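To start, the structure itself, in structure tokens.
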Amino acid sequence: MLPRCPRIKPIRIFMPFLQIHRSRIILLTLLLFPCLLQPQKAAAELFPRYPEIEKNIKFWEDIYTKYSIQQAVIHDANDLSIVYTVVELVDPLLPGIQKINALAQKQVIKKYEGILYRLSRQAPSTPLEKRVAARFSGKSAKRAMQRAAQNVRSQRGQKDRFVEGVIASGAYLAEMKRIFREYGLPEDLVYLAHVESSFNLQAHSKQGAAGIWQFTRGTGKKYLRIDRGIDERRDPILATHAAAKYLKKSYQRLGSWPLAITSYNYGLSGMLRARKEYGSYTEIFKNYRKGYFKFASKNFYSEFLAARAIAKKLEKVLKINTPEKTISLKLPAFVDLGKLSRYLGLTKERLCLLNPALKSATIRGERYLPRGYSLRLPADPGIRQKMAHIPASLLYKRQRQQAIHEVRRGETAIGIAKRYGISLKSLLRLNNLDHKAQIYTNQKLHLPHNTVSPQTMTTRTRQKKIPVPTLVGTRKNRPYLNNTAGEQSRTTRVIQR
85 MLPRCPRIKP
95 IRIFMPFLQI
105 HRSRIILLTL
115 LLFPCLLQPQ
125 KAAAELFPRY
135 PEIEKNIKFW
145 EDIYTKYSIQ
155 QAVIHDANDL
165 SIVYTVVELV
175 DPLLPGIQKI
185 NALAQKQVIK
195 KYEGILYRLS
205 RQAPSTPLEK
215 RVAARFSGKS
225 AKRAMQRAAQ
235 NVRSQRGQKD
245 RFVEGVIASG
255 AYLAEMKRIF
265 REYGLPEDLV
275 YLAHVESSFN
285 LQAHSKQGAA
295 GIWQFTRGTG
305 KKYLRIDRGI
315 DERRDPILAT
325 HAAAKYLKKS
335 YQRLGSWPLA
345 ITSYNYGLSG
355 MLRARKEYGS
365 YTEIFKNYRK
375 GYFKFASKNF
385 YSEFLAARAI
395 AKKLEKVLKI
405 NTPEKTISLK
415 LPAFVDLGKL
425 SRYLGLTKER
435 LCLLNPALKS
445 ATIRGERYLP
455 RGYSLRLPAD
465 PGIRQKMAHI
475 PASLLYKRQR
485 QQAIHEVRRG
495 ETAIGIAKRY
505 GISLKSLLRL
515 NNLDHKAQIY
525 TNQKLHLPHN
535 TVSPQTMTTR
545 TRQKKIPVPT
555 LVGTRKNRPY
565 LNNTAGEQSR
575 TTRVIQR
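Residue numbers for the sequence shown follow the working numbering, beginning at 85 and rising by one.
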């Protein structure tokens with residue numbers, strides 16, 4: 085028999101405190117409980133696989149594991165279980181091949197559209213037509229084939245790119261998961277980046293979205309720094325913070341992860357309208373067709389579920405990249421990247437790999453690293469020591485000024501490039517212009533920082549004087565210890581950015 089424990093008098097010193105604050109403690113617990121509980125919830129509960137989307141999930145699993153980028157799956161856009169054929173493409177990395185591959189896919193789509201239209205009016209007469217007709221059954225088969233003729237679609241395979249993405253993700257995955265946990269979100273949301281970009285840091289869409297989280301410039305500016313020298317959309321870690329903020333806000337407004345994830349593609353306001361009209365995700369999936377809610381938005385959540393499942397399997401069998409140990413230090417002033425790299429004994433390429441947000445203007449020295457910017461560096465005690473004692477001659481008080489030319493009526497890009505003695509290629513690159521080089525009156529074009537004004541060129545060459553267009557002269561930016569007055573070229577009108 086166990087000895088009886090002596091009776092201990094309760095300590096009452098804290099009782100008045102508990103009585104006074106009990107209601108507050110209960111209220112705080114109720115408010116925090118859903119957030120504390122969420123990471124503990126089962127993945128199946130957070131990200132349900134609805135029966136209505138099983139066909140779609142299976143389709144995307146095949147796209148990620150079965151078909152390469154040299155294959156195009158010709159399928160029905162509404163019923164993804166209907167796959168008509170697979171087109172073998174030419175290696176898309178070869179120059180000039182995109183148009184050839186696009187034409188090949190278009191021809192096959194037209195072929196199956198014609199077959200479906202014929203089958204909607206008459207019985208199949210060829211082995212191919214019989215195979216297609218076998219996919220449709222019942223009394224309404226002909227009507228279904230008539231509708232299907234308008235929904236033939238092509239989808240490129242992603243197998244090889246997905247594998248590359250899983251390997252690349254190893255360098256960032258652990259930190260990205262930690263960030264999502266920090267925001268009180270499910271860490272599996274990191275796998276959404278596979279859908280967006282396959283973890284390609286250089287990913288850039290036709291709509292101007294950039295980085296592994298594919299933020300557009302407009303949305304990205306709400307969360308990240310985007311200017312002529314820095315684009316934080318291209319930094320996987322910084323962009324993950326932005327993605328977490330967006331997804332947290334969407335989840336708070338929409339109340340479910342299927343809806344919040346879909347909003348990442350379709351937009352929060354659009355999903356709020358859809359939810360108001362149809363209520364649940366499954367009803368939206370089956371019935372909502374307004375605005376830009378097309379194939380991509382409808383399938384976005386299914387793609388996420390497929391990518392998440394496949395990536396987790398591949399992580400166990402592939403040798404994925406490992407993260408490099410780094411430190412982040414804030415710059416005390418504006419700094420030239422080239423000079424800093426030489427001072428630290430690091431190549432400029434190494435610094436760019438560690439800091440993918442740096443744009444070409446900063447890399448080429450046309451812009452300084454901004455004051456206060458958190459520069460990522462190797463976790464080396466020697467590097468930390470050097471950063472603590474940066475020579476004052478490497479520090480600048482202000483950003484390097486950029487020359488700007490304001491386009492006048494009748495001017496062309498090639499004419500402006502010749503006027504300033506610069507290459508057309510550099511002018512197009514600096515202003516994000518395509519090969520067509522289309523410019524418009526009053527447009528402000530950025531020029532390289534060392535551009536010589538037309539007046540100076542005329543004096544030097546003793547040629548016929550060229551009329552001076554609107555230009556911002558390049559200011560010689562002074563180091564902290566340099567007391568010499570900087571010269572600024574005199575122009576018709578000065579525009580400073």
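In this text, a Cβ means the ideal position worked out from N, Cα and C, and glycines have one as well. Keep in mind the model is a prediction, meaning the values are calculated, not measured.
Three-way DSSP call (helix, strand, coil) for residue i in this model
| i | result |
| --- | --- |
| residue 410 | strand |
| residue 230 | helix |
| residue 485 | coil |
| residue 462 | strand |
| residue 324 | helix |
| residue 569 | In this predicted model, residue 569 has a pLDDT of only 34, less than 50, meaning its place in the structure is not dependable enough to derive any value. |
| residue 296 | coil |
| residue 491 | coil |
| residue 367 | helix |
| residue 340 | coil |
| residue 224 | coil |
| residue 168 | strand |
| residue 239 | strand |
| residue 578 | In this prediction, residue 578 has a pLDDT of 32, which is less than 50 and means its spatial position is unreliable; what the coordinates show is noted afterwards. The answer is coil: DSSP assigns residue 578 none of H, G, I, E or B. |
| residue 419 | strand |
| residue 256 | coil |
| residue 319 | coil |
| residue 479 | strand |
| residue 314 | strand |
| residue 544 | Note that residue 544 scores a pLDDT of 43, beneath 50, so its modelled location is shaky and nothing firm can be said. |
| residue 554 | Note that residue 554 has pLDDT 38, beneath the 50 cutoff, so the model's placement of it is unreliable and the number below is only indicative. It is coil, neither helix nor strand. |
Reference residue i; option with closest CA among the options
| i | options | result |
| --- | --- | --- |
| residue 481 | 453, 498 and 473 | 453 |
| residue 503 | 415, 513 and 489 | 489 |
| residue 391 | 273, 467 and 163 | 273 |
| residue 401 | 250, 214 and 160 | 250 |
| residue 475 | 170, 415 and 135 | 415 |
| residue 383 | 214, 128, 163 and 332 | 163 |
| residue 320 | 375, 305, 336 and 255 | 255 |
| residue 215 | 186, 205, 179 and 169 | 169 |
| residue 300 | 350, 438, 336 and 332 | 350 |
| residue 155 | 171, 142 and 407 | 171 |
| residue 133 | 298, 393, 457 and 462 | 393 |
| residue 137 | 510, 385 and 157 | 385 |
| residue 210 | 199, 517 and 180 | 199 |
| residue 487 | 495, 511 and 473 | 511 |
| residue 494 | 526, 515 and 477 | 526 |
Continuous beta strand (DSSP E) stretch holding residue i: start and end
| i | result |
| --- | --- |
| residue 510 | Note, residue 510: premise wrong, no beta strand (DSSP E); alpha helix (DSSP H) at 508 to 514. |
| residue 271 | Premise fails: residue 271 is in no beta strand (DSSP E) and is neither H nor E. |
| residue 443 | That residue, residue 443, is in no beta strand (DSSP E); it is neither H nor E in DSSP. |
| residue 531 | 528 to 531 |
| residue 157 | 155 to 160 |
Cβ separation of residue i and residue j, assumed to be a contact under 8 Å, to the nearest whole Å
| i | j | result |
| --- | --- | --- |
| residue 479 | residue 417 | 4 Å |
| residue 314 | residue 446 | 7 Å |
| residue 203 | residue 440 | About 51 Å; that fails the 8 Å criterion. |
| residue 263 | residue 281 | 17 Å between Cβ atoms; not a contact. |
| residue 508 | residue 523 | Not a contact, Cβ separation roughly 12 Å. |
| residue 307 | residue 287 | Not confirmed; about 18 Å, so no contact. |
| residue 387 | residue 279 | 5 Å |
| residue 131 | residue 389 | 6 Å |
| residue 236 | residue 146 | Not quite, the Cβ-Cβ distance comes to about 18 Å (not below 8 Å), so this is no contact. |
| residue 166 | residue 219 | 5 Å |
Host alpha helix (DSSP H) of residue i (start-end)
| i | result |
| --- | --- |
| residue 281 | 276 to 281 |
| residue 138 | 138 to 149 |
| residue 376 | Element bounds for residue 376: n/a, residue is neither H nor E. |
| residue 301 | 301 to 304 |
| residue 25 | Shown here, the chain extends from 85 to 581; a query on residue 25 therefore has no answer. |
| residue 361 | 352 to 362 |
| residue 502 | 497 to 504 |
| residue 451 | Segment: none, residue 451 is in no alpha helix (DSSP H) and carries neither H nor E. |
| residue 212 | 211 to 217 |
| request: Spell out a yes or no on whether the stretch 146 to 156 and the stretch 235 to 246 are touching, meaning 3 or more CB-CB pairs, one atom from each, closer than 8 Å. | output: yes
| Do three or more CB pairs link the stretch 245 to 256 to the stretch 167 to 178 at distances below 8 Å? | no
| Is the stretch 220 to 227 touching the stretch 258 to 269 in the sense that three or more CB pairs, one from each, lie closer than 8 Å? | no
| query | Just checking, does the stretch 368 to 385 make contact with the stretch 344 to 359 on the three C-beta pairs under 8 Å criterion? | reply | yes
| request: Indicate whether the contact test is met: 3 or more Cβ pairs, each with one atom in the stretch 265 to 280 and one in the stretch 178 to 195, closer than 8 Å. | output: no
| Do the stretch 418 to 430 and the stretch 466 to 477 make contact, defined as three or more Cβ pairs closer than 8 Å? | yes
| message | Using 8 Å as the cut-off, can you tell me whether the stretch 334 to 349 makes contact with the stretch 305 to 325, which would need three or more C-beta pairs spanning the two stretches below that distance? | response | The stretch 334 to 349 makes no contact with the stretch 305 to 325, as fewer than three CB pairs between them are under 8 Å.
| Per the contact definition of three or more C-beta pairs closer than 8 Å, is the stretch 287 to 296 in contact with the stretch 263 to 270? | no
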